[in-house]
Structure formats: structure tokens, C-alpha cells
Amino acid sequence: MGNESINWDKLGFDYIKTDKRYIQTFKNGEWQPGTLTEDNLLHISEGSTALHYGQQCFEGLKAYRCKDGSINLFRPDQNAARMQRSCARLLMPHVPTDVFIDACRQVVKANERFIPPYGSGGALYLRPFVIGTGDNIGVRTAPEFIFSVFCIPVGAYFKGGLVPHNFQISTFDRAAPQGTGAAKVGGNYAASLMPGSEAKKSGFADAIYLDPMTHSKIEEVGSANFFGITHDNKFVTPRSPSVLPGITRLSLIELAKTRLGLEVVEGEVFIDKLDEFKEAGACGTAAVISPIGGIQYNGKLHVFYSETEVGPITQKLYKELTGVQTGDVEAPEGWIVKV
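Per numbering that gives the first Met the number 0, the sequence shown runs over residues 0 to 338.
This is the structure we're talking about:
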């Protein structure tokens, strides 16, 4: 069944109420059976730890319509594993991988009419999350939890094609040393609201965060991971205890190595050594790749390949990964779950 009321060409990244979402509760020390519901409102205690102490985590992944009409769910096992690590960090019960994937598949099937058509550049974005609930007021782990998955149709991130953007180095930290930077928790994103807003007011796409310990190394680009292509064709991406291990980043690492023949380096990216890179980008679920035209630091804009054109290696990576996601390019084993 289609959805004629949606203008697929004008889809952005905004909330749209879809037909069904999955919800499951944790009570009395175990997960209760989950179900699909039409209700998009959560009913939780006013004392829920998610509201007062930030005991919550979330994920983001996409389902794609393929040319043959089938549906691809991209690497849900990796999102399940990362959510399990986030839950462990915040003392929440983890959601088993098979339960996580089954919940995602149920939500995609129940909302199939919201999946953007093949060739539109859009996808069905899924937002799984776990929150601490139940009557509580002390600073401790919650007595109850909710695991839920909802979805929204989203359009092509780049209207008019892949275009480089400029970013600004922030003086703020997105996470503390030995903190929750490697977990996908709401507090990290709350900390980024002000610096991100300030960067946009100054005419930049977003803020870039340096390592919280020395402020000398690039860690993240807004809510995305950084990568750079060196002049000798190495794919370099930061490795740090406070960097979120992105699924897109993980996928690009493998494709750069196996499909493009690039040497991959996970290590330190010093802000004063940007001259080592001929191309740079940010990668994440929403845009896949956001090409970086330039980085503003200490009043100077360092430009990589171009402020107006996308570098050839970045273009190849983008084409390869989006091709895998939509079924146009053969996927590495285990990357695609058919719905």
C-alpha cells in the first residue's frame, strides 16, 4: 500500500508519525513480551531516571527500498551491539541482538508504506532507544525500563547532490575524559547543542570537537565521525576512548580497505597537521558522508580538496556505501538483513 500524501522529493529529517512502533518493558528483573502499538506517546513515571539523571541511550539505522522492490535493513547487528555497550555503561539491561533485529524488522514491515521509493535518495530511519522508568527519586539505576523502536521516512540528506561544507573548531567538549563519549547517550548530544548553534550562527555547518584531555586532536564532527584522506592515499580516522564508534565509520573502514585498496589508519588526528590530508569528511547514518570543504581554527580556514567540489576518493566511498545500502552494489557478508 502506498502513501500518496507524502511528497517524497520534499522529505527532510523531521518527525512524522507513522503507523506502528514497537515497545517492550523490563519489570521484575526481566524483559516482558514486546508488541506493536499505534500510540506514539510514552506513559512513564514522573520519577523516571531518564528524565532526571539521563539514564537512556539510543540508536539510529535505516531501511532502504531496492530496485527489485525488496527492503534492505543495513547492519542492525552492529547497532544492537553498540546499544548493548551503551546500556552496560549506564547500568541498564541490554536488549538481546535477536530481539533488537526482530523489533526493527517488525517496525519496518508495519510501516512499509512510509519507505521512500527506490531512486528517491530517501530511506526509512529507525530510532531504537532504552530509557530508565518507574517510580524513583534517588541517584541509582531505574527499577523499570522501556525498549522501543519507532521510524520516520527521511529524504536525501543532500538536496542537489553531494556538496562540501565548512566546519568550525569548538572550544567546548562534547564528552569528558573517561566519560560517556563512546556510548550513544543523550547527554553527549545535549552538550553539543550550544556549540553547534554557535557554529551555525557563524556560518558553519557544525562544530568540530577536539579531544577533551589535550584539545590538540580532532575527535568528532558535530554528531558524526571524522575521516581524512592523506596525500599518499591513507584513510585516517580518529581512535579515542571518547569517540563514538560509528556504524558508518566502521563500514567505510572496511570498504576503503577491501574495495578501494586504501591503507586504513585509526589513530590521532592532530589539529595542527591538517596539511597531511587532501580530502576530509564526516560520516554518520543521516548523511552517510558529509564532505568537509574547510575547517576554521584560530581564525584561519584550512581548505582541503575544495570548498565547492567533492574529492574523488570521497565520491567513490559515498557511491560504494550507498550502493551497498540500496542493493545496487554487492554487500559484504552479513551487512544486509532482508525484511
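Using N, Cα and C, we set each Cβ at its ideal position, and we do this for glycine too.
Check the Cα spacing between GLU58 and each of ILE217, LEU50, PHE303 and CYS86: the tightest is with CYS86. By the criterion of a C-beta distance shorter than 7 Å, TYR52 is surrounded in its chain by VAL138, once the five residues flanking it on both sides are discounted. Taken in chain order, the complete alpha helix (DSSP H) segments of 4 or more residues contained in the stretch 186-274 are 246-257. Considering only GLY221, SER215 and ALA204, the residue with the shortest C-alpha distance to ASN187 is GLY221.
Between TYR124 and ILE151 the beta-carbon gap is near 5 Å, inside 8 Å, which marks them as a contact.
By the neighbour-count criterion, in which 16 or more other beta carbons inside 10 Å mark a residue as buried, GLY202 falls on the exposed side. Taking a contact as a CB-CB distance under 8 Å, the pair CYS56 and LEU89 counts as one, their CB atoms being some 6 Å apart. The residues TYR21 and LEU35, in chain order, have a CB closer than 7 Å to that of GLN105 in the same chain once the five nearest residues on each side in sequence are set aside. The distance from the Cβ of THR24 to that of GLU197 is about 39 Å, inconsistent with a contact at the 8 Å cut-off. The distance from the Cβ of VAL309 to that of LEU161 is about 5 Å, consistent with a contact at the 8 Å cut-off. Separation of GLY11 and GLY266 (C-alpha to C-alpha, rounded to the nearest whole angstrom) is 34 Å. The secondary-structure analysis by DSSP pairs PHE128 across a beta bridge with PHE57 and SER147. In the three-state reduction of the DSSP assignment, GLN295 falls in the strand class, which pools E and B. The three-state secondary structure of CYS103, taken from DSSP, is helix.
Annotated three-state conformation of GLY154 is coil, per DSSP. Short of 6 Å from the beta carbon of ASN39, and not among the five residues preceding or following it, lie these beta carbons of its own chain, in chain order: LYS16. For LEU35, the enclosing beta strand (DSSP E) covers residues 34-36. Per DSSP, CYS282 is one residue of the beta strand (DSSP E) stretching across 276-283. Shown here, PHE12 sits in coil according to DSSP, grouped into three states, outside any helix or strand. Closest in alpha carbon position to ASN27, among ILE145, THR257, GLN167 and VAL268, is ILE145.
Looking at the DSSP output, ASN165 sits in a beta bridge with GLY293. A distance below 7 Å between beta-carbons, with the five flanking residues on each side excluded, links TYR317 to the following residues of its chain, in chain order: LEU161, VAL287 and ILE288.
Closest option to HIS164, judged by alpha-carbon separation, among VAL129, GLU278 and SER69: GLU278. Per DSSP, reduced to three states, the secondary structure at VAL309 is coil, with no helix or strand assignment.
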